[in-house]
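Since the structure comes first, as structure tokens, the remarks are kept for the end.
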Amino acid sequence: MMTSTLTVVGREVFIDDYNEEIDNDYRLDPDEILQDMVELMEESPKSYQHLHFDSEQTNDGMNKLFSFTSYEREDGLRLSYLGVSDE
């Protein structure tokens, strides 16, 4: 279940990176991906999670790793997108 006070820091950057890096044939709804990350983070706050894509799923043929972290604030859980890197 999604936290009502959830903030996704870097949401637009994640969506831009995701659309740029992942082949159209393998793309999912980025907001659904973020929702999945939120659910993982709610189970384990103050953690890091990674989303891996194999080379055949990317536009440049390189494996990709999208990284996230979460932390608690007075106003609730925050999911933060850290960026994408080649693996």
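Start counting the sequence shown at 151; every next residue gets the next number (this note's numbering).
The beta-carbon is built from N, C-alpha and C at its ideal position, and this holds for glycine as well.
Keep in mind that this is a model prediction, so the values were computed, not measured.
Starting from Asp-236, follow the beta strand (DSSP E) in both directions and report where the run begins and ends.
-> 226-236
Put Ser-205 into one of helix, strand or coil per three-state DSSP.
-> helix
Distance CB(Val-163)-CB(Leu-229) smaller than 9 Å = no
So what does DSSP say about Leu-190, is it helix, strand or coil?
-> helix
Report yes or no: is there a C-beta of chain E within less than 9 Å of the C-beta of Gly-226?
-> Of the protein chains in the structure, only one exists, and it is not chain E.
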